[in-house]
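> Structure incoming, see below.
Protein chains: 2
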Amino acid sequence: MNQYLQADKINLAIDCCIFGFDGENLKLLLIKRNFEPEQGKWSLMGGFLKRDEDLENGAKRILNELTGLDNVYLEQLQSFGNVTRDPVERTISVCFYALINIQDHDFELAKSKNGYWFSLDEKPNLIFDHNDMVEKAIAEVRYKAALHPIGFELLPDKFTIPALQRLYEAIYGYKLDRRNFSRKILSTKLLIDTGEKDNNSTTKKASLFKLDTEKYTSQFNAFHYFMNL
Amino acid sequence: MNQYLQADKINLAIDCCIFGFDGENLKLLLIKRNFEPEQGKWSLMGGFLKRDEDLENGAKRILNELTGLDNVYLEQLQSFGNVTRDPVERTISVCFYALINIQDHDFELAKSKNGYWFSLDEKPNLIFDHNDMVEKAIAEVRYKAALHPIGFELLPDKFTIPALQRLYEAIYGYKLDRRNFSRKILSTKLLIDTGEKDNNSTTKKASLFKLDTEKYTSQFNAFHYFMNL
DNA sequence: TCAAAAGTGTTGCCAATACACCCATGA
DNA sequence: TCATGGGTGTATTGGCAACACTTTTGA
Numbered sequence: 001m002n003q004y005l006q007a008d009k010i011n012l013a014i015d016c017c018i019f020g021f022d023g024e025n026l027k028l029l030l031i032k033r034n035f036e037p038e039q040g041k042w043s044l045m046g047g048f049l050k051r052d053e054d055l056e057n058g059a060k061r062i063l064n065e066l067t068g069l070d071n072v073y074l075e076q077l078q079s080f081g082n083v084t085r086d087p088v089e090r091t092i093s094v095c096f097y098a099l100i101n102i103q104d105h106d107f108e109l110a111k112s113k114n115g116y117w118f119s120l121d122e123k124p125n126l127i128f129d130h131n132d133m134v135e136k137a138i139a140e141v142r143y144k145a146a147l148h149p150i151g152f153e154l155l156p157d158k159f160t161i162p163a164l165q166r167l168y169e170a171i172y173g174y175k176l177d178r179r180n181f182s183r184k185i186l187s188t189k190l191l192i193d194t195g196e197k198d199n200n201s202t203t204k205k206a207s208l209f210k211l212d213t214e215k216y217t218s219q220f221n222a223f224h225y226f227m228n229l
Numbered sequence: 230m231n232q233y234l235q236a237d238k239i240n241l242a243i244d245c246c247i248f249g250f251d252g253e254n255l256k257l258l259l260i261k262r263n264f265e266p267e268q269g270k271w272s273l274m275g276g277f278l279k280r281d282e283d284l285e286n287g288a289k290r291i292l293n294e295l296t297g298l299d300n301v302y303l304e305q306l307q308s309f310g311n312v313t314r315d316p317v318e319r320t321i322s323v324c325f326y327a328l329i330n331i332q333d334h335d336f337e338l339a340k341s342k343n344g345y346w347f348s349l350d351e352k353p354n355l356i357f358d359h360n361d362m363v364e365k366a367i368a369e370v371r372y373k374a375a376l377h378p379i380g381f382e383l384l385p386d387k388f389t390i391p392a393l394q395r396l397y398e399a400i401y402g403y404k405l406d407r408r409n410f411s412r413k414i415l416s417t418k419l420l421i422d423t424g425e426k427d428n429n430s431t432t433k434k435a436s437l438f439k440l441d442t443e444k445y446t447s448q449f450n451a452f453h454y455f456m457n458l
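Take a look at the structure:
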C-alpha cells in the first residue's frame, strides 16, 4: 500500500488523431487552440482523463466533444510519456486514432470549436509531440489497412469500388491497377452489390456496394493482404 | 493552465510481459508478490513511473530491476486503464513486452526477487488485468514476428536454423516444414553462416548462424512474411 | 460520335507447398 | 550399422501482376 502513497502522481491526457477521407485525400481533423499553453497553434483534439472514466470512454468523450459523433472506429495507438513533452507539467498522453466518414456528416460543431480538416500534405506544425503522434498514427493506419478491412470506416455506407480504390491510393500514396484491385477486393466477399448506381458520375455509373457487416466483424481478424507493404 | 489544476491526478504504473525461449517452449517471467495487495499471487513485473523518467526508461528500469539485463528488445504494447482494474487506487498501466535470450543468462537476480519462468500453457492466473495484458502481448508477438525478424531476440547470438524453427513453432503452436522454413529464412539474407557447428547435438551437427546486424536494423521495417497469419 | 471512366478476361511468372533423397553423428 | 536429425533438390500449383478489350454515359 505504501507504494501507492509514494507513487508520483502524474497528469494523464488523451489525444485523438482523427482521420477522414473526402473522396480524394486522406484528411486529419485539427484544432486551433484558443487556450494556453500554445494558444493560437494547431494541435490534436485532446483532454484529461477523468478519475471515474475508462481510458476508452475518455477517448470517446473527447472525440464526441469535437465532432458530435458516436460509434466511431477508435483504436488506441500508444502512450507518449517523455519527461519534456509537456512544458507546463509532467503529463502522459494516451494517443488514440479514429477513422470517420466525412461525407455523411457536416462538421458545424467541429468548426465552432476551431476544428479544421487538413490534407496530410498540408498539415501544419503541431504543438508538443503531436507531430510524432500523427506520424505514428499514419504508419499504423497503413500497417493495419494492409491486412484488415478498416478502410471501409472512412467511406459512406454505400460506396463504389473505384472510390474504395481512391481511398487505398490516398492511404499509400501510389496508384493501383483498377482490374487487379477490383478482383482482390471482391475476392474477400466482404462487399454486397446493392444493385444501385452512383449517379454523381458524369460517365459510366459505377455500382454501389455496401459492407457485409456480419462477415466484416467475423472476419476482421482474418488477414486479407490488401496491400503488399 | 487552469485545466492542469483541475485535472484528476492518477497513478501511472508500468508492467512488463517478459518473454523467453528455452529451446523448446515460449516462456514468461512472472513474480510471486511478497507485498500487498494480492500478496502471494502471481503477477507481471511492474512498478510506478517516476516523475523524472521517460516512459521507455521506466520500463527499462523495471525490467532491469528483475533481470539485471540491459539492451533488451522492448516495445510498448498498450495502456490499460479501466476504472476498476486496480482495487486500491485508480491506476493506469502502460504495458510493455520484452523479448530476452534465456539461454545466455542465469536468473539468480530474478529468483531472488521471486521471479520464475513459466511455459505459456502452465501460466498461473494473474492479478488485476495482467491476464489480459499477457493475452494481448502474445497476440502482438505473433502478429509482429510473422512480418518482422524479432524472433532472433529470443535466441543466443549464435543459433542453428532448426533452433530458429523450433522457436517459430513455439510461437505459433504448429509444426513447419523443415526444408521450406530453411529456404524462407535464408532467402531474407539476414543470416550469416559462422562456419561453426552446434556441438550439443547427438546426431548430425547443425550449422551455427548469426544475425547480420546491419541488415537486421536497416531491413527491420521490410516485410518478410515469415508466416501466413 | 467521342472521351472518360467502369467492368471483365487472359496470360505468364514467381513463390509457396509438398514431396524425396542424401549426409553426418553417436550409440 | 542403425536411428536420428540436418541439409539440399524438384515438381506442382495457386495467386498476383501486367496487360487489352468491351460497355456505359453525358457532352
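Heads up: the protein sequence lines correspond to chains A and B, in order. Position 214 of the first sequence, counted from 1, bears residue number 214 in the working numbering, the numbering being contiguous throughout. Positions in the second sequence are counted from 1; adding 229 to them yields the working numbering. Glycine is no exception: its CB is placed at the ideal position from the N, C-alpha and C atoms.
Tell whether a beta-carbon distance below 8 Å holds between Ile14/A and Val94/A.
yes
> I'd like to confirm the pairing. Which residues does DSSP put opposite Met45/A in its beta bridges?
Cys16/A
> Taking 6 Å as the limit between beta carbons, can you name the residues of its chain near Phe381/B, skipping five residues before and five after?
Leu440
> Quick one: give me the first and last residue of the alpha helix (DSSP H) that Lys418/B is part of.
Secondary structure note for Lys418/B: it is in no alpha helix (DSSP H), with a DSSP letter that is neither H nor E.
> Give the DSSP bridge partners of Phe452/B, in chain order.
Answer is none; Phe452/B lacks a bridge partner.
> Determine, using beta carbons only, whether Cys17/A and Tyr97/A come nearer to each other than 8 Å.
yes
> Along the region 71 to 99 of chain A, what residues have a CB closer than 7 Å to any CB found in chain B?
Per Cβ criterion, the list reads Gln76, Gln78, Ser79, Gly81, Asn82, Val83, Val88, Glu89, Arg90, Ile92, Val94.
> Hey, how far is the Cα of Tyr397/B from the Cα of Thr431/B?
22 Å
> Between which residues of its own chain and Gln76/A is the CB-CB distance below 6 Å, once the five residues before and five after are set aside?
Phe96
> State the Cα-Cα distance for the pair Ala146/A and Asn409/B, rounded to the nearest angstrom.
25 Å
> For a contact meaning CB atoms closer than 7 Å, what does Asp52/A contact in chain B?
Val312
> Between Phe357/B, Leu405/B, Leu437/B, which lies nearest to Phe266/B when the distance is taken from Cα to Cα?
According to the sequence as given, residue 266/B is Pro; it is not Phe. The option with the nearest alpha carbon to Pro266/B is Phe357/B.
> Name the residues in the region 389 to 410 of chain B whose C-beta lies less than 8 Å from a C-beta of chain A; which are they?
none
> Please report the distance separating the alpha-carbon of Ile10/A from that of Ile379/B.
C-alpha separation (whole angstroms): 33 Å.
> Suppose the cutoff is 7 Å on Cβ atoms and the five residues either side in sequence are ignored; what does the same chain contact list for Asp333/B look like?
Within the same chain, Asp333/B has close Cβ partners Pro385.
> What is the DSSP secondary structure of Lys215/A, reduced to helix, strand or coil?
helix
> Just checking my contact of Gly287/B with Leu298/B at CB under 8 Å: how many whole Å lie between their CB atoms?
Going by Cβ atoms, the distance from Gly287/B to Leu298/B rounds to 16 Å, so no, they are not a contact pair.
> Drop a sphere of 10 angstroms on the beta-carbon of Gly402/B, count the other beta-carbons inside from all chains shown, and report buried for 16 or more, exposed for fewer.
exposed
> Quick check: what's the CA-CA separation for Asn428/B versus Gln268/B?
Rounded to the nearest angstrom, the gap between the Cα atoms of Asn428/B and Gln268/B is 44 Å.
> Whose C-beta lies closer than 8 Å to the C-beta of Val141/A among residues of the same chain, with five residues either side of it excluded?
Phe19, Tyr97, Leu99, Ile150, Ile171
> Which residue wins for smallest C-alpha separation from Leu126/A, given the options Lys113/A, Ser43/A, Asn25/A?
Ser43/A
> Note down, in chain order, every chain A residue with its Cβ under 7 Å from the Cβ of Tyr233/B.
Asn11, Val88, Glu89
> Could you work out which residues of chain A lie near Ala236/B, taking near to mean beta carbons separated by less than 7 Å?
Asn11, Phe48
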